[in-house]
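Below is one structure; the comments refer to it alone.
There are 4 protein chains.
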Amino acid sequence: MENDRFKSRLDLLRQKIYIVIYGVNTPAGKAFDVGLLFFILLSVLVIMLETIEGIDVIFHRELIVLEWIFTIIFSIEYALRIFCSKKPLKYIFSFYGIIDLLSILPMFLSVFLAGSNVLSSFRILRLLRVFRVLKLMDFIQESSKLKVALLASRAKIIVFLYTVMIISVTVGTLMYYIEGPGNGFTSIPKSIFYTIVTLTTVGYGDMVPVTPVGQFLSMVLMITGYGIIAVPTGIVSVEIAKQVAGKAEKTDKTLTEKHKKRLNGIVCSHCNYEGHNDDAHYCCNCGSKLNV
Amino acid sequence: MENDRFKSRLDLLRQKIYIVIYGVNTPAGKAFDVGLLFFILLSVLVIMLETIEGIDVIFHRELIVLEWIFTIIFSIEYALRIFCSKKPLKYIFSFYGIIDLLSILPMFLSVFLAGSNVLSSFRILRLLRVFRVLKLMDFIQESSKLKVALLASRAKIIVFLYTVMIISVTVGTLMYYIEGPGNGFTSIPKSIFYTIVTLTTVGYGDMVPVTPVGQFLSMVLMITGYGIIAVPTGIVSVEIAKQVAGKAEKTDKTLTEKHKKRLNGIVCSHCNYEGHNDDAHYCCNCGSKLNV
Amino acid sequence: MENDRFKSRLDLLRQKIYIVIYGVNTPAGKAFDVGLLFFILLSVLVIMLETIEGIDVIFHRELIVLEWIFTIIFSIEYALRIFCSKKPLKYIFSFYGIIDLLSILPMFLSVFLAGSNVLSSFRILRLLRVFRVLKLMDFIQESSKLKVALLASRAKIIVFLYTVMIISVTVGTLMYYIEGPGNGFTSIPKSIFYTIVTLTTVGYGDMVPVTPVGQFLSMVLMITGYGIIAVPTGIVSVEIAKQVAGKAEKTDKTLTEKHKKRLNGIVCSHCNYEGHNDDAHYCCNCGSKLNV
Amino acid sequence: MENDRFKSRLDLLRQKIYIVIYGVNTPAGKAFDVGLLFFILLSVLVIMLETIEGIDVIFHRELIVLEWIFTIIFSIEYALRIFCSKKPLKYIFSFYGIIDLLSILPMFLSVFLAGSNVLSSFRILRLLRVFRVLKLMDFIQESSKLKVALLASRAKIIVFLYTVMIISVTVGTLMYYIEGPGNGFTSIPKSIFYTIVTLTTVGYGDMVPVTPVGQFLSMVLMITGYGIIAVPTGIVSVEIAKQVAGKAEKTDKTLTEKHKKRLNGIVCSHCNYEGHNDDAHYCCNCGSKLNV
Chain G
704 MENDRFKSRL
714 DLLRQKIYIV
724 IYGVNTPAGK
734 AFDVGLLFFI
744 LLSVLVIMLE
754 TIEGIDVIFH
764 RELIVLEWIF
774 TIIFSIEYAL
784 RIFCSKKPLK
794 YIFSFYGIID
804 LLSILPMFLS
814 VFLAGSNVLS
824 SFRILRLLRV
834 FRVLKLMDFI
844 QESSKLKVAL
854 LASRAKIIVF
864 LYTVMIISVT
874 VGTLMYYIEG
884 PGNGFTSIPK
894 SIFYTIVTLT
904 TVGYGDMVPV
914 TPVGQFLSMV
924 LMITGYGIIA
934 VPTGIVSVEI
944 AKQVAGKAEK
954 TDKTLTEKHK
964 KRLNGIVCSH
974 CNYEGHNDDA
984 HYCCNCGSKL
994 NV
Chain Z
704 MENDRFKSRL
714 DLLRQKIYIV
724 IYGVNTPAGK
734 AFDVGLLFFI
744 LLSVLVIMLE
754 TIEGIDVIFH
764 RELIVLEWIF
774 TIIFSIEYAL
784 RIFCSKKPLK
794 YIFSFYGIID
804 LLSILPMFLS
814 VFLAGSNVLS
824 SFRILRLLRV
834 FRVLKLMDFI
844 QESSKLKVAL
854 LASRAKIIVF
864 LYTVMIISVT
874 VGTLMYYIEG
884 PGNGFTSIPK
894 SIFYTIVTLT
904 TVGYGDMVPV
914 TPVGQFLSMV
924 LMITGYGIIA
934 VPTGIVSVEI
944 AKQVAGKAEK
954 TDKTLTEKHK
964 KRLNGIVCSH
974 CNYEGHNDDA
984 HYCCNCGSKL
994 NV
Chain R
704 MENDRFKSRL
714 DLLRQKIYIV
724 IYGVNTPAGK
734 AFDVGLLFFI
744 LLSVLVIMLE
754 TIEGIDVIFH
764 RELIVLEWIF
774 TIIFSIEYAL
784 RIFCSKKPLK
794 YIFSFYGIID
804 LLSILPMFLS
814 VFLAGSNVLS
824 SFRILRLLRV
834 FRVLKLMDFI
844 QESSKLKVAL
854 LASRAKIIVF
864 LYTVMIISVT
874 VGTLMYYIEG
884 PGNGFTSIPK
894 SIFYTIVTLT
904 TVGYGDMVPV
914 TPVGQFLSMV
924 LMITGYGIIA
934 VPTGIVSVEI
944 AKQVAGKAEK
954 TDKTLTEKHK
964 KRLNGIVCSH
974 CNYEGHNDDA
984 HYCCNCGSKL
994 NV
Chain U
704 MENDRFKSRL
714 DLLRQKIYIV
724 IYGVNTPAGK
734 AFDVGLLFFI
744 LLSVLVIMLE
754 TIEGIDVIFH
764 RELIVLEWIF
774 TIIFSIEYAL
784 RIFCSKKPLK
794 YIFSFYGIID
804 LLSILPMFLS
814 VFLAGSNVLS
824 SFRILRLLRV
834 FRVLKLMDFI
844 QESSKLKVAL
854 LASRAKIIVF
864 LYTVMIISVT
874 VGTLMYYIEG
884 PGNGFTSIPK
894 SIFYTIVTLT
904 TVGYGDMVPV
914 TPVGQFLSMV
924 LMITGYGIIA
934 VPTGIVSVEI
944 AKQVAGKAEK
954 TDKTLTEKHK
964 KRLNGIVCSH
974 CNYEGHNDDA
984 HYCCNCGSKL
994 NV
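Protein sequences appear in the order of chains G, Z, R and U.
Using this note's numbering, the letters of the first sequence correspond one by one to residues 704 to 995.
Using this note's numbering, the letters of the second sequence correspond one by one to residues 704 to 995.
Using this note's numbering, the letters of the third sequence correspond one by one to residues 704 to 995.
Using this note's numbering, the letters of the fourth sequence correspond one by one to residues 704 to 995.
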């Protein structure tokens with residue numbers, strides 16, 4: 704019985720922790736999410752800073768201490784997640800379960816293994832954990848509206864992308880034969896890379912046409928790219944406008960419904976006149992009493 | 704009679720193959736299109752990879768084997784197309800007939816001729832064969848809608864392109880005289896190339912103005928290019944919106960037609976006049992009492 | 704009297720030439736415009752080719768012969784314009800009169816003067832003559848529509864340009880103090896040049912931030928530039944949409960006017976009822992005869 | 704009493720100056736604003752020119768003279784602002800008060816202190832004074848309209864910026880591991896810089912992917928950047944359209960109000976009921992005959 708009481712207490716604790724970790728509506732759940740987000744972003748920032756040579760040399764010690772703090776925090780979180788889930792194994796082998804493990808494992812392994820540089824780069828996967836936290840946030844609604852707009856114009860966008868691809872491959876191949884390896888267009892894939900760089904108006908400038916024909920073709924390509932950007936823009940604009948109008952129309956419909964109610968309904972038994980105001984007691988056509 | 708039966712069987716076979724090759728509604732026709740598309744794209748990919756020096760050196764043997772496989776497949780297809788078409792000569796000398804031949808010829812010629820490198824580059828024309836297959840695909844409909852939108856705004860787009868061209872030539876010429884060959888603007892066409900690179904916001908950076916006047920003019924040019932991209936975008940957006948609204952209006956018109964019927968429902972029993980206001984008591988044509 | 708007849712004949716000829724040169728509605732006038740446009744564009748092309756060193760060396764002789772042909776054609780045109788205009792001096796000193804003269808003078812002067820290279824560059828002013836011809840073309844109408852759309856949103860566009868300028872100057876100055884002359888940001892105007900190059904997404908790459916702060920500011924600048932391009936696009940889209948809608952509304956109004964005419968007008972002298980169909984002979988309310 | 708009169712005169716003068724400096728509706732106030740704006744912009748231009756080495760060497764003397772003139776003018780303005788404000792201390796320690804002081808201080812300090820180069824760069828803060836003057840200008844109204852449009856679509860824009868950031872960090876990190884420090888991607892922050900440069904279609908070209916995988920990822924990134932620019936454009940377009948439509952609707956509402964009046968014009972003389980249909984003969988409220 705002692706055991707039972709302990710078990711039920713443990714269950715209660717498990718449930719409480721579950722609500723904190725997975726819930727969003729309680730203050731504790733919200734605080735947990737915000738705190739976790741903060742530590743994830745900070746730890747990602749530290750990993751980024753580590754890759755800058757100058758910083759790593761000077762602050763090597765501090766960065767490692769910070770990294771251990773993050774690892775311990777995430778380890779506790781990982782343990783709690785296993786503890787509070789009803790099917791721990793399911794969590795451990797789920798997508799986020801593996802990500803969570805990969806986020807903490809490299810530091811522990813670095814104690815036993817000497818050159819675990821490759822492993823340590825796995826820590827950047829923590830970035831993916833941000834998505835889990837953000838999935839619960841408010842502004843997802845706005846995001847889903849945009850997604851609806853983009854999905855509604857999916858067919859048009861695919862046609863657009865397909866056109867971009869056809870242009871890229873065709874013009875890229877042409878550019879390879881026009882300019883040739885001597886002018887930096889060493890292969891067809893590289894020429895296609897150049898074409899996309901030009902069509903999307905990115906324009907690195909690492910490859911530049913030298914022959915007059917190549918330059919002319921590139922000019923046509925640039926103006927094409929400059930012009931056809933109008934197509935996705937037009938599509939998405941109209942789609943968003945439709946969404947907004949759809950909402951407005953709904954409101955309008957409701958109003959019209961009300962309007963109809965206000966105006967219609969009763970037929971005069973004397974003169975069959977329709978279209979009385981709904982507060983009318985007498986027919987406005989023949990003056991006889993209405994059966995309200 | 705034996706001969707006749709054989710001929711009619713051959714005709715039947717010819718017809719069956721014709722349906723498979725040119726048809727799209729049968730499962731076999733669809734499978735043929737998808738398979739052909741797959742082989743064309745794969746063969747184009749192989750040709751592309753051949754142009755990358757590193758790959759060609761290591762996998763030279765494998766690439767040639769693959770190329771022979773593609774050539775044999777396309778040769779069979781070519782033979783079947785000639786076999787099943789009613790006017791073989793018409794097909795052979797049609798646009799796609801020549802493309803088909805040029806797609807397979809280089810490999811056969813490479814057996815007899817030593818240095819047929821130039822010829823082998825004709826194989827890239829297989830890319831054009833993609834268009835024949837895709838012409839039959841579903842999403843062409845969506846594409847034609849976009850085409851309608853672009854055609855409807857043709858006049859506006861021509862004016863826009865004309866403006867871009869005038870700006871390019873004028874500013875390009877100015878830049879040549881401002882910067883001069885010393886700063887990389889070696890000729891007017893090259894300066895026009897620079898102007899278009901800048902106006903379309905591509906910005907390679909291979910030519911950059913050095914003089915203060917040239918830099919100022921370039922800044923004006925950039926902001927112009929940044930701003931006037933709004934024009935094609937605006938045009939296309941409105942055109943697409945009109946198309947969408949056009950569809951909606953059609954639905955509306957049908958509704959209005961119904962409404963009109965509702966209004967003009969009474970027919971005068973005396974003079975058969977239709978189209979009375981729905982609050983009319985007497986026929987507005989002959990003055991006889993209406994049966995409301 | 705002989706003199707008089709000659710004079711009147713001369714006047715007739717002058718008038719005829721005037722119609723050919725300045726008119727656009729006669730076939731001769733149209734042919735003249737097209738021919739002139741062709742020669743202007745060809746001569747501009749020749750001037751451009753002259754600036755390419757390789758071409759000038761090989762085809763020097765041919766280019767000079769072509770140039771003399773153009774000069775003679777334009778000289779005849781210039782003489783005819785003076786001849787047929789009623790106030791020759793007014794034409795000579797008008798904007799296009801001076802341009803016309805500058806288009807032909809350099810070649811004649813090159814006979815007498817040795818090093819007239821500077822003068823010869825004036826010939827490029829012929830480009831401006833294109834505008835005179837094109838002013839008469841059809842598609843000007845479409846162009847003026849776009850101009851109306853742009854003018855209508857003038858105030859908004861000025862605010863936009865002003866914002867771009869404020870950002871450019873402020874961020875450009877900041878970049879100068881952040882990066883400094885050591886990293887290529889040698890002066891504030893050059894830093895402003897960099898800022899505009901970045902904000903308009905042109906991105907030459909001749910100047911690139913090196914310090915972390917400068918890189919961060921540049922990233923913010925890029926995303927800003929990437930985002931605020933939406934503003935002019937939105938403005939122009941709406942303006943064009945309004946224009947199109949305006950036209951549609953006009954058509955609607957005309958229809959409504961017709962509708963009103965069809966419905967309204969006669970008041971029954973008996974019951975003062977309004978709103979009879981316009982083919983009504985009897986009042987549809989009381990049945991009394993109408994005074995049509 | 705003499706003192707009092709002097710004081711009241713001083714007060715009057717103070718009030719007059721106040722109106723000139725802070726007012727915009729009087730001609731003097733307007734002239735003051737325009738003049739001040741002119742001097743600020745000129746002085747900023749001079750500071751910019753000073754940073755160009757070539758100009759500073761040749762015109763060093765002239766620039767210093769100009770700088771002293773500006774400093775004296777701004778000092779007088781500063782003194783007048785202190786004089787005419789009711790709470791001088793409040794002005795002195797306000798944001799613009801400090802800016803005003805920092806605009807003039809460096810020149811005075813340069814007399815006493817030798818190497819005040821760092822201080823002199825504070826003069827560029829004069830640029831901020833432009834905003835105070837412009838705050839009073841007319842076209843602010845147009846600007847606030849745009850601001851309303853942008854604020855209304857704030858949620859959507861944040862989602863868009865968030866998406867851009869997620870893509871930048873994720874792809875930037877990927878690019879670091881794909882390309883590596885050997886190809887110029889020396890750290891994750893630098894790779895993120897590259898990603899934003901590419902996504903926003905700026906494309907400096909200082910860092911360019913070399914590996915096939917990196918090039919492929921960059922191509923996808925470019926097309927993504929090229930495509931998703933449609934999202935902010937669509938959002939802002941719709942928002943501006945709504946604003947314009949909102950105005951139009953207001954006008955419509957007013958018209959509808961009138962229409963309603965036209966329809967409901969008759970007041971029942973018996974029960975004072977308003978709002979009868981305009982073809983009503985009897986009051987629909989009490990059944991008494993209406994005076995049509």
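The beta-carbon is built from N, C-alpha and C at its ideal position, and this holds for glycine as well.
With 16 other Cβ atoms within 10 Å as the buried cut-off, status of residue i
| i | result |
| --- | --- |
| U/Pro892 | buried |
| Z/Phe888 | buried |
| R/Ile926 | buried |
| U/Ile938 | buried |
| G/Asp707 | exposed |
| G/Lys859 | buried |
| U/Glu942 | buried |
C-alpha gap between residue i and residue j, whole angstroms
| i | j | result |
| --- | --- | --- |
| Z/Lys719 | Z/Tyr799 | 21 angstroms |
| R/Phe863 | U/Val851 | 14 angstroms |
| R/Leu830 | R/Val747 | 7 angstroms |
| Z/Arg717 | Z/Asn728 | 18 angstroms |
| R/Thr898 | R/Thr904 | 10 angstroms |
| U/Asp736 | R/Met922 | 35 angstroms |
| R/Val913 | Z/Val911 | 20 angstroms |
| R/Leu715 | R/Leu745 | 32 angstroms |
| U/Asp759 | R/Leu828 | 36 angstroms |
| G/Tyr794 | G/Leu713 | 19 angstroms |
| Z/Ile761 | G/Val867 | 32 angstroms |
| U/Ile785 | U/Pro791 | 5 angstroms |
| Z/Ile722 | Z/Pro730 | 10 angstroms |
| G/Ser940 | R/Pro935 | 14 angstroms |
| R/Phe688 | R/Asn886 | Residue numbering for chain R in the displayed model covers 704 to 995; residue 688 of chain R lies beyond these limits and cannot be assessed. |
| Z/Ile861 | G/Leu924 | 16 angstroms |
Contact belief for residue i with residue j at Cβ below 8 angstroms, rounded distance in angstroms
| i | j | result |
| --- | --- | --- |
| Z/Glu882 | Z/Gly917 | 5 angstroms |
| U/Phe773 | U/Phe742 | 6 angstroms |
| R/Ser788 | R/Ile807 | About 17 angstroms separates the two Cβ atoms, so there is no contact after all. |
| G/Ser824 | U/Tyr880 | 6 angstroms |
| U/Ser894 | U/Met878 | 5 angstroms |
Can you confirm whether the stretch 872-879 of chain Z touches the stretch 869-884 of chain R when touching is taken to mean that 3 or more C-beta pairs between the two stretches lie within less than 8 angstroms?
no
Please list, in chain order, the residues of the stretch 886-910 of chain R that have any C-beta partner in chain G closer than 8 angstroms.
Flagged, chain order: Thr904, Val905, Gly906, Tyr907, Gly908.
Going along the stretch 749-783 of chain R in order, which residues come within less than 8 angstroms of chain U, judged by CB to CB distance?
Within the stretch 749-783 of chain R, contact with chain U at the beta-carbon level (separation under 8 angstroms) is assigned to no residue.
Contacting positions in the stretch 908-937 of chain Z - beta carbon closer than 8 angstroms to chain R
Gly908, Val911, Pro915, Gln918, Ser921, Met922, Met925, Ile926, Gly928, Tyr929, Gly930, Ile932, Ala933, Val934, Thr936, Gly937
By the 7 angstroms beta-carbon criterion, what residues does the stretch 852-871 of chain Z contribute toward chain R?
Answer in chain order: Ala858, Lys859, Ile861, Val862.
Residues within the stretch 713-747 of chain R neighbouring chain U, beta-carbon criterion of under 9 angstroms
none
Near-chain G residues of the stretch 788-800 of chain Z (beta-carbon distance less than 9 angstroms), N- to C-terminal order:
none
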